[in-house]
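Worksheet: the structure to be examined is printed underneath.
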Amino acid sequence: MRFIARYAKELHNSFEIVTIYDEKVERELISKENPKIKTLAKRYPSAIWFERKISDDLGIKIEDAFDKRPLVHQERFPRDIHPLRKDFKQIQIQESDYLPYKYEEVGGDSVFQVAVGPIHAGIIEPGHFQFSQAGEEILHLEVRHFYKNRAIEKMLEGKTLLEAKPIIERISANESIAYQICYADIYLQATKQKLPLSLKKYHALLLEIERITHHLTDLGFIANDAGFAAALSFGSKLAEDARRQMQKLTKHRFGFSAVDFKNRDIDTDSIMQWLKSLKKDIDFFEDWIVDIPSLWDRFDTTGVLSLKKALKYSCVGVVARASGMAVDRRIESFYLEHGFVMASELSGDVGARFKIRIQEIKNSIVMIDNFLQKSVEALELNQLNDGEYHSFCESSIGELFMAIDIKDGLIDRFFVRDPSFINWQALHLMMRSDIIADFPLINKSCDLSYAGNDL
Amino acid sequence: MIKFWNKRLKLGLLTENIELEDEIKELEKEIKDRVKKSFAGSLAIRMVDSGSCNACEAECNALSNPYYNLERLGIYFVASPRHADVMLLSGLMSFNMTPHVKDAYLQIPEPKWVITLGDCPAMQAPFDKTYAINAPANNYLKITHHISGCPPTPLEIMRGFLEFLRKI
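Those sequence lines, one after another, are chains A and B.
Quick note: the first sequence uses numbering that gives the first Met the number 0, first residue 0, plus one each step.
Quick note: the second sequence uses numbering that gives the first Met the number 0, first residue 0, plus one each step.
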């Protein structure tokens, strides 16, 4: 059974802890007097961030956890504030005294610590990495995030679904289409409607263009992090072409507000043309890049995540598939009928993740070709019904999970688990036999979102 | 590698100026003069994300792809605030990032300027104010120029840099 997410919500006179597995959903009610739960982290290690977040958000104690440090609340965050409680209504808080965070550190003779971040050397998002080093070799890495925390969950409470849309599509821009697809799915569950096939195809088309853009950018950057800049020029050129296709289709380079319930008349010829040239270019890229021995010397056996560890940490997306796990939300009849073939590798190293991306781009080209259609169908929406709704979507990073509770037509609790939230927790496992100079390469090969993780 | 060089020669130069073409021709001398005079030939920018959705970062990365090739104008993104003339700030100034943004600003040697990027730092993006958001950024830093958009396209960012250069 694969662990997916764990979150809590405040009810009238109790807290409800919801635990999502791939096969079932478990619910537990706990009293508001001295609220506490037992940890799942002994069985599912990646539950620990969820539990530390629950503890920060709602003040629920995790009785037997081995790690009780705050997660979202950092050094200057006011103590004893639990912002997801319904009675917390402040919109400005004051910095409190600096309380140092106790990092996981390996000690010993000539072992030293390297602190990296939150602001990094390139144009990337902020996050902190704490290395314990013996010379060049990494002994341990602790990933520490939530610098970008914007309190999205709290922000969305009390809004209508329509008001929430522009915020949801801006949670993590490189997965915006996936977030919008989850949102649209939840909307239709609440109106008890089904998405017509033609609209489903249009949404899937946008999702695959988003995936292509994301993977192409990564193919360039991963090789660049191994010192091979020519690939970055090539990859970023193709990524820009893909972004311009998105712009043409949706009037926005990231497809913000593109997923809705009406189809547009699209220029299928120009997309076909782009697909044809992309197919040629990606074949050329693959043929060229596999022939650079010094590059594969860096890729192969670097940053290995074994299948056993990937399963234990419930990994998702590209990271999981590169280690031989068969997880992909597109394993379902609609995608299979339109040419979906799951990409898979076994070695779990940087090279495997690189190859997965190439395979997925090729497969996305086939699928987009099958999704192309001329249709201007639109869906009239029914009245929304209150309830708790769950949705999944395979974003370019991995499986995205979203849950929205609607009460009196308004959002009562919004929860989303970005694929990055799980995969970040497995990142340190990939550093077991590598040197610190390999870290950027390994990190980039997973290419996780900070914004989606931090919320 | 020979395959690559063949392809490279066949493709030629991709850099394009599309809408900016006339403007750039007109301004190229002016920018170069200004960059030369005020920044000894190169304008060094330190990008800091204070809580964005990562679209602004993606667009800044796009600035160095072969189509836009920003560096030809003498404008560079640098790795440390200590190498920078300008801080380019994106994001909502999250509560957790605010002290680090202030710290990075202090590390930039004088004279220094701040350009805000995208609607977030001006609190004009669709996000509502929460306890975890400290934007607008001008409560904390003196902003010289603002590039609006959600996110601004690479062309808009380039245009924004030109406007900034004219301003100072």
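By construction, the Cβ of each residue, glycine as well, lies at the ideal position given by its N, Cα and C atoms.
Since the model is a prediction, treat every value here as computed from it, not as a measurement.
- Apart from the five residues on each side of it in sequence, which residues of its chain come closer than 6 angstroms, Cβ to Cβ, to cysteine 119 of chain B? Walking along the second sequence from the start, residue 119 of chain B turns up at place 120. Cβ within range, chain order: Ser51, Gly90 and Leu91.
Q | Under 7 angstroms from the C-beta of asparagine 95 of chain B: neighbouring residues of chain A | A | Position 96 of the second sequence holds residue 95 of chain B. Those within 7 angstroms of asparagine 95 of chain B in chain A are Gln73, Phe145, Tyr146 and Asn148.
- Query: Would the beta-carbon of isoleucine 396 of chain A fall within 9 angstroms of that of isoleucine 281 of chain A?
  - Reply: Along the first sequence, read from residue 1 onward, the residue named residue 396 of chain A stands at position 397. Along the first sequence, read from residue 1 onward, the residue named residue 281 of chain A stands at position 282. Taking 9 angstroms as the Cβ cut-off, isoleucine 396 of chain A and isoleucine 281 of chain A do not qualify as a contacting pair.
| DSSP-derived helix/strand/coil call for valine 303 of chain A | Taking the first sequence and counting its residues from 1, one reaches residue 303 of chain A at position 304. It is coil, neither helix nor strand.
For histidine 11 of chain A, count the other beta carbons within 10 Å of its own beta carbon; 16 or more makes it buried, fewer makes it exposed. Which is it? Counting from one through the first sequence, the residue named residue 11 of chain A turns up at place 12. By the 10 Å Cβ count, histidine 11 of chain A comes out exposed.
In the DSSP output, what is isoleucine 16 of chain A paired with across the bridge? Here the question's residue 16 of chain A lines up with position 17 in the first sequence. Answer is A:Ala7 and A:Glu27, bridged to isoleucine 16 of chain A.
Exposed or buried, which one is alanine 78 of chain B when buried takes at least 16 other CB atoms within 10 Å? Mapped onto the second sequence, residue 78 of chain B falls at position 79. Under this definition alanine 78 of chain B is an exposed residue.
- Under 9 angstroms between C-beta atoms, does lysine 253 of chain A make it to chain B? Residue mapping note: residue 253 of chain A aligns to position 254 of the first sequence, counting from 1. According to the sequence as given, residue 253 of chain A is phenylalanine; it is not lysine. Interface residue, yes.
Use the C-beta contact count for alanine 54 of chain B: other C-beta atoms within 10 angstroms, 16 or more gives buried, fewer gives exposed. Translated into the one-based positions of the second sequence, residue 54 of chain B becomes position 55. Result: buried.
Three CB pairs or more closer than 8 angstroms across the region 373-390 of chain A and the region 209-216 of chain A:
no
*Specify the secondary structure class of aspartate 404 of chain A as computed by DSSP and reduced to three states.*
Position 405 of the first sequence holds residue 404 of chain A. DSSP places aspartate 404 of chain A in strand when its eight states are reduced to three.
Cβ shell of lysine 111 of chain B (< 8 angstroms), same chain only, five flanking positions each side left out:
As a first step, residue 111 of chain B must be located in the second sequence, where it is residue number 112. Correct list, in chain order: Ala83, Asp84, Val85, Met86 and Tyr104.
Quick one: Cα of glutamine 106 of chain B to Cα of threonine 97 of chain B, how far? The residue labelled residue 106 of chain B in the question sits at position 107 within the second sequence. The residue labelled residue 97 of chain B in the question sits at position 98 within the second sequence. In a straight line, the C-alpha of glutamine 106 of chain B is about 15 angstroms away from that of threonine 97 of chain B.
Say whether chain B places a C-beta atom closer than 9 angstroms to the C-beta of alanine 114 of chain A.
Working through the first sequence from its first residue, we reach residue 114 of chain A at position 115. Chain B contact via Cβ: absent.
List the residues of chain B whose Cβ lies closer than 8 angstroms to the Cβ of lysine 308 of chain A, in chain order.
-> The residue given as residue 308 of chain A occupies position 309 in the first sequence. Those do not exist, as lysine 308 of chain A stays about 27 angstroms from chain B at its closest Cβ, beyond 8 angstroms.
field: Cut-off 7 angstroms between Cβ atoms - residues of its own chain near leucine 28 of chain A, not counting five sequence neighbours on either side
entry: Counted from its first residue, the first sequence places residue 28 of chain A at position 29. Once the five neighbours on either side are set aside, the close Cβ partners of leucine 28 of chain A are Ser13 and Glu15.
Examine chain B for any beta-carbon lying closer than 9 angstroms to the beta-carbon of glutamate 344 of chain A, and answer yes or no.
Position 345 of the first sequence, counted from the first residue, corresponds to residue 344 of chain A. So no, glutamate 344 of chain A is outside the interface.
Legend entry - Positions along the region 121-146 of chain B whose CB lies within less than 9 angstroms of some CB in chain A: Ala124, Pro125, Phe126, Asp127, Lys128, Thr129, Tyr130, Ala131, Ile132 and Asn133
| request: Specify the secondary structure class of alanine 39 of chain B as computed by DSSP and reduced to three states. | output: Reading the second sequence from its first residue, position 40 is the one you call residue 39 of chain B. Alanine 39 of chain B falls in the coil class under three-state DSSP.
ask   = Are three or more beta carbon pairs between the region 305-325 of chain A and the region 427-447 of chain A nearer than 8 angstroms?
value = yes
**Asked** With distances taken from CA atoms, which of A:Leu140, A:Met366 and A:Arg352 is nearest phenylalanine 336 of chain A?
**Response** As a first step, residue 336 of chain A is located in the first sequence; it is residue number 337 there, counting from the start. For the record, residue 336 of chain A in the displayed sequence is glutamate; it is not phenylalanine. Selected option, being the one with the closest Cα: A:Met366.
ask   = Are the C-beta of glycine 121 of chain A and some C-beta of chain B separated by less than 9 angstroms?
value = Along the first sequence, one-based indexing puts residue 121 of chain A at 122. By this cut-off, glycine 121 of chain A is an interface position.
Rounded C-alpha distance that separates threonine 143 of chain B from isoleucine 156 of chain B: As a position in the second sequence, residue 143 of chain B is number 144, starting the count at 1. As a position in the second sequence, residue 156 of chain B is number 157, starting the count at 1. Rounded to whole angstroms, threonine 143 of chain B to isoleucine 156 of chain B spans 15 angstroms at the Cα level.
Where serine 419 of chain A sits in the DSSP three-state scheme: What you label residue 419 of chain A is simply residue 420 of the first sequence in a count that begins at 1. Looking at serine 419 of chain A - three-state DSSP - the assignment turns out to be helix.
- In whole angstroms, what separates the C-alpha of isoleucine 47 of chain A from that of threonine 38 of chain A? The sequence position of residue 47 of chain A within the first sequence is 48, counting from 1. The sequence position of residue 38 of chain A within the first sequence is 39, counting from 1. If you take the alpha carbons of isoleucine 47 of chain A and threonine 38 of chain A, they lie about 7 angstroms apart.
Just to confirm, are phenylalanine 94 of chain B and alanine 131 of chain B a CB contact at a threshold of 9 angstroms?
Position 95 of the second sequence holds residue 94 of chain B. Position 132 of the second sequence holds residue 131 of chain B. Yes; because the gap between Cβ atoms is below 9 angstroms, this pair is in contact.
Chain-ordered neighbours of phenylalanine 283 of chain A on chain B, where CB pairs are closer than 7 angstroms
Residue 283 of chain A sits at position 284 when you count from the first residue of the first sequence. Result: Lys6.
*What residues in the region 89-116 of chain B have a beta carbon less than 9 angstroms from any beta carbon of chain A?*
Gly90, Leu91, Ser93, Phe94, Asn95, Met96, Thr97, Pro98, His99, Val100, Asp102 and Ala103
For lysine 60 of chain A, which residues from the same chain have a beta carbon less than 6 angstroms from its beta carbon, with the 5 sequence-adjacent residues on both sides left out?
-> What you label residue 60 of chain A is simply residue 61 of the first sequence in a count that begins at 1. So the qualifying residues of the chain are Lys35.
To the nearest angstrom, how far is the alpha carbon of arginine 320 of chain A from that of isoleucine 170 of chain A?
On the first sequence, position 321 is the one that residue 320 of chain A refers to. On the first sequence, position 171 is the one that residue 170 of chain A refers to. If I take the Cα positions, the gap works out to 25 angstroms.
Quiz item: Opposite valine 142 of chain A in the DSSP bridges: which residues?
Solution: As a position in the first sequence, residue 142 of chain A is number 143, starting the count at 1. DSSP, once it has assigned bridges, lists A:Phe128 as partnering valine 142 of chain A.
- Query: Are there 16 or more other CB atoms within 10 angstroms of the CB of proline 153 of chain B, so buried, or fewer, so exposed?
  - Reply: What you label residue 153 of chain B is simply residue 154 of the second sequence in a count that begins at 1. By the neighbour-count rule (16 or more Cβ atoms within 10 Å), proline 153 of chain B is buried.
Check your understanding: Hey, out of A:Lys101, A:Asp217 and A:Leu294, whose CA is closest to glutamine 73 of chain A's CA?
Key -> Looking up residue 73 of chain A in the first sequence gives position 74. Answer by Cα proximity: A:Lys101.
**Prompt:** Per DSSP, glutamate 136 of chain A forms a beta bridge with which residues?
**Reply:** Sequence index remark: in the first sequence, residue 136 of chain A carries index 137 (1-based). Answer is A:Ala133 and A:Ile434, bridged to glutamate 136 of chain A.
For this session: Using only alpha-carbon positions, find the residue among A:Arg75, A:Gly107 and A:Ala114 that is nearest to aspartate 96 of chain A.
Result: Locating residue 96 of chain A in the first sequence gives position 97, counting from the first residue. The residue with the shortest Cα to Cα distance from aspartate 96 of chain A is A:Arg75.
Three-way DSSP call (helix, strand, coil) for valine 365 of chain A in this model: Stepping through the first sequence from its first residue, residue 365 of chain A is reached at position 366. Helix, per DSSP.
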